[in-house]
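Notes to accompany the following structure.
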Amino acid sequence: MNREYKNKFIEFMLGADVLRFGDFTTKSGRETPYFVNTGNYRTGLQLSGLGGFYAEMINKTRGGNFTAIFGPAYKGIPLAAAAAIALAEKFDTDKPYLFNRKEIKDHGEGGGIVGYQPKDGDDIIIVEDVITAGTALRESMAALNSCANITVKDMFISVDRCEYGINPKKTAVMEAAEQFGINIHALVTAVDIREYLRGKTGYDAVLQRMGAYMDKYCLFKL
């Protein structure tokens with residue numbers, strides 16, 4: 000996506016207090032000066048805007064050439080719903096969505112998948128917030144493959160932190176993509192965020208801390 004699109008998304012995250020600066024700890028135990036918490040999207044207008052950003056990237060990448068949208072529980076659920084709505088409204092691409100349950104339901108309709116029920120031969124895309132260690136992706140693939148013989152070619156996330164995973168020569172996103180043979184597309188990367196902040200006033204301290212952190216953990220730097 001182009002620079003204007005990326006900057007708009009960064010400003011959108013800042014406005015929703017989703018992109019935050021301070022002292023945080025990632026799932027991997029790293030002390031980070033910035034954090035992306037999509038749980039801070041709280042309003043209908045924010046969800047509408049978020050769905051629009053994802054829909055733009057999905058449409059540019061896949062058009063309507065896929066079967067359904069999967070959102071991993073829990074944060075991926077509103078992402079899938081918002082993206083599905085935006086695709087229908089903005090691009091006339093009306094696709095079903097689905098998500099998994101953390102606990103399998105043993106009454107009513109039962110099962111571990113809510114919404115569209117995957118079938119053999121389906122081509123499903125995944126929407127998620129941030130990949131840290133690839134845990135959510137592994138759980139997603141297990142949930143989907145338990146339903147049918149499906150294909151997942153693409154996954155869409157908000158931010159690629161560009162940090163190395165288990166292999167110090169590969170990012171967590173690269174590792175996850177290679178493990179499952181999936182193309183992972185990020186709306187923005189940590190490099191994009193840092194470049195955006197460099198063009199603004201009042202972020203000198205943040206940039207210094209972010210630079211030190213990225214020099215230590217990131218494979219891609221400015």
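At the far end of the sequence shown sits residue 221, using numbering that gives the first Met the number 0, and the numbering has no gaps. Glycine included, every Cβ here is placed at the ideal spot set by N, Cα and C.
For residue i, count neighbouring Cβ atoms within 10 angstroms of its own Cβ and tell me buried if that reaches 16, exposed if not.
i, result
"residue 91", "exposed"
"residue 109", "Bear in mind that a pLDDT of 49 at residue 109, under 50, signals an unreliable position, so the number given afterwards is only what the model happens to contain. Flag for residue 109 reads exposed."
"residue 223", "In the structure as shown, the chain starts at 0 and stops at 221, and residue 223 therefore has no counterpart that could be examined."
"residue 160", "buried"
"residue 33", "buried"
"residue 128", "buried"
"residue 37", "buried"
"residue 39", "exposed"
"residue 121", "buried"
"residue 73", "exposed"
"residue 106", "Reliability fails at residue 106, whose pLDDT of 47 lies under 50, so the model's placement of it is uncertain and the value that follows must be treated cautiously. Exposed: under 16 other Cβ atoms inside 10 Å."
"residue 65", "buried"
"residue 61", "buried"
"residue 52", "buried"
"residue 1", "exposed"
"residue 165", "exposed"
Relative to the C-alpha of residue i, which candidate in the options has its C-alpha closest?
i, options, result
"residue 177", "200, 23 and 152", "152"
"residue 150", "49, 129, 93 and 181", "181"
"residue 210", "8, 31 and 19", "31"
"residue 15", "3, 44, 33 and 1", "44"
"residue 47", "56, 160, 80 and 93", "80"
"residue 126", "5, 140 and 89", "140"
"residue 272", "27, 143, 18 and 4", "Given a span of 0 to 221 for the chain in the structure shown, any question on residue 272 remains unanswerable."
"residue 216", "185, 68 and 168", "168"
"residue 70", "59, 205, 156 and 24", "156"
"residue 21", "207, 75, 97 and 76", "207"
"residue 94", "18, 175, 77 and 68", "68"
"residue 13", "124, 214, 77 and 202", "202"
"residue 75", "212, 98, 112 and 53", "98"
"residue 17", "204, 89, 29 and 35", "35"
"residue 117", "19, 111, 143 and 212", "143"
"residue 113", "100, 124, 60 and 175", "100"
"residue 57", "42, 86 and 162", "86"
"residue 124", "83, 88, 111 and 163", "83"
"residue 63", "185, 89, 111 and 190", "89"
"residue 147", "172, 130, 164 and 111", "111"
"residue 49", "23, 5 and 25", "5"
"residue 214", "25, 158, 163 and 119", "163"
Which partner residues of residue i appear in the DSSP bridge assignment?
i, result
"residue 64", "In the DSSP output, where bridge partners are listed per residue, residue 64 has none listed."
"residue 125", "69 and 154"
"residue 3", "None; residue 3 has no bridge partner."
"residue 19", "34"
"residue 96", "68"
"residue 114", "97"
"residue 24", "30"
How about the region 6–15 and the region 191–209: do they share at least three Cβ pairs that are nearer than 8 angstroms?
-> yes
Could you give the uninterrupted runs of the alpha helix (DSSP H) lying entirely in the region 132–211, keeping only those of 4 residues or more?
-> 134–144, 171–179 and 189–197
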